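Single-structure report; data block below.
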Amino acid sequence: MVQLASRPNYKYSPVQSCASLSKVLAVSPSALKALAANSNNLYRLANPILKPDGSVRQPYDALYPLKLVHERLKLRVFAHVSFPDYLTGSLKGKDAIKNASFHAGAKIVVCEDIKDFFPSVTADVVYSIWQGFFNFAPEVSRLLTSLCTKDGSLPQGAITSSYLANLVFWKQEWRLYEDLKSRGIVYSRYVDDVTVSSREGLDKEQLSECIGKVYGLMAANGLRPKRKKQEIQRAHAPMRATKLMVNKRAALSLGERKAIRAAVHQLELEVAQVNMPKELMAKLNSVSGRVARLAQLHVVQGNELKNRIRALRVRIKLLTTLALHDK
Numbered sequence: 038m039v040q041l042a043s044r045p046n047y048k049y050s051p052v053q054s055c056a057s058l059s060k061v062l063a064v065s066p067s068a069l070k071a072l073a074a075n076s077n078n079l080y081r082l083a084n085p086i087l088k089p090d091g092s093v094r095q096p097y098d099a100l101y102p103l104k105l106v107h108e109r110l111k112l113r114v115f116a117h118v119s120f121p122d123y124l125t126g127s128l129k130g131k132d133a134i135k136n137a138s139f140h141a142g143a144k145i146v147v148c149e150d151i152k153d154f155f156p157s158v159t160a161d162v163v164y165s166i167w168q169g170f171f172n173f174a175p176e177v178s179r180l181l182t183s184l185c186t187k188d189g190s191l192p193q194g195a196i197t198s199s200y201l202a203n204l205v206f207w208k209q210e211w212r213l214y215e216d217l218k219s220r221g222i223v224y225s226r227y228v229d230d231v232t233v234s235s236r237e238g239l240d241k242e243q244l245s246e247c248i249g250k251v252y253g254l255m256a257a258n259g260l261r262p263k264r265k266k267q268e269i270q271r272a273h274a275p276m277r278a279t280k281l282m283v284n285k286r287a288a289l290s291l292g293e294r295k296a297i298r299a300a301v302h303q304l305e306l307e308v309a310q311v312n313m314p315k316e317l318m319a320k321l322n323s324v325s326g327r328v329a330r331l332a333q334l335h336v337v338q339g340n341e342l343k344n345r346i347r348a349l350r351v352r353i354k355l356l357t358t359l360a361l362h363d364k
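The opening position of the sequence shown corresponds to residue 38 in this note's numbering, with each subsequent residue numbered one higher.
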């Protein structure tokens, strides 16, 4: 029997009319329809994200009042969805560390990237989520699809997009998870990064079949893998999942840890020599985030660097106070 924990689940009654949706969101039906009709124009370009391969990912930020509708959908609809553990991206209490931890200690780790994920999630796919997964009425599903898509696809960066991204494969993903689990294979997805692993190892035929099943999941929803980013990693060499080492446990590489320590040391030198507190505080915040990530995975090293960051913060605040006093 399939465990319900492997399937996403919406806990509330389905919305069966636009009038009911209006009550849920506390926005009039006419206002919702007007927003839906003009939704393509209600986004601004957010800061572009430079990816490790040198390409640029362009996120969007919804403008008010569309953003208000998205916020209410998050709190009043998506908050009532139970997501299975193998979905680890952009969800409360889940992150890249959680994703990597599933695959720690494996003999083989395979990483697949979904090509142009957000632009490739079409309005039809989003409609199928509202109508099929949530079981909302067709008119409600059409309205919500218009409210949550831009130019016919899922806009990366919008509040609702991360939840919809996790539900793209709602119909088939749990079946794939259970199938692979029965074969001793671990499956997880971090938004558009799919990872599978095995503690027993996989021969060539098993590996090919496993990858084929993952590609089949993508194809069934109009998506494709970015084949050049495929990584097949074995335990005799360094293995990564969501950019973390997983040979024994989820961890940063030695090189990354050294780089973070060096960044803290460099900041200490700059604080001792330079009297520009505003610029130093910006650098401190950046380095502090890297130290916090280190501390999640390497407690002793992380706590030592956290103490040095605290001392730097006190010093920079003092420099700021003195600079203001001099003015």
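Just so it is clear, CB atoms sit at the ideal spot from N, CA and C, and this is done for glycine as well. The structure displayed is predicted, hence computed values, not measured ones.
{"Asked": "Residues that A278 bridges to, as DSSP identifies them", "Found": "L281"}
{"Asked": "DSSP bridge partner residues for A257 (one or two, in chain order)", "Found": "Its beta-bridge partners do not exist; DSSP assigns none."}
{"Asked": "Ranges of the alpha helix (DSSP H) found wholly within the stretch 131-160, counting only runs of at least 4", "Found": "133-138, 154-157"}
{"Asked": "Three-pair Cβ contact test at 8 angstroms for the stretch 158-175 versus the stretch 205-213", "Found": "yes"}
{"Asked": "Residue from G259, K218, R286 whose Cα sits closest to the Cα of T159", "Found": "G259"}
{"Asked": "C-beta atoms of S198 and F154 nearer than 8 angstroms", "Found": "no"}
{"Asked": "C-alpha distance - E246 paired with T182, whole-angstrom precision", "Found": "35 angstroms"}
{"Asked": "Neighbour-count burial assignment, M313, 16 or more Cβ in a 10 Å radius", "Found": "exposed"}
{"Asked": "Other residues of its chain near E176: CB distance less than 8 angstroms, five sequence neighbours each side excluded", "Found": "S54, C55"}
{"Asked": "Under 8 angstroms between C-beta atoms of F120 and V223", "Found": "no"}
{"Asked": "DSSP three-state assignment for T358, whether helix, strand or coil", "Found": "helix"}
{"Asked": "Coil, strand or helix - N84 by DSSP", "Found": "coil"}
{"Asked": "Between the CA atoms of S190 and S157 - distance to the nearest angstrom", "Found": "7 angstroms"}
{"Asked": "Reference K285, options K144, V328, A174, closest by Cα", "Found": "K144"}
{"Asked": "Buried versus exposed call for V351 [16 or more other C-beta atoms within 10 Å across all chains shown]", "Found": "exposed"}
{"Asked": "Residue closest to V163, alpha-carbon to alpha-carbon, out of Y200, L213, A299, K135", "Found": "Y200"}
{"Asked": "DSSP-derived helix/strand/coil call for D98", "Found": "strand"}
{"Asked": "7 angstroms CB neighbourhood of R294 in its chain, flanking five on each side removed", "Found": "L331, H335, Q338"}
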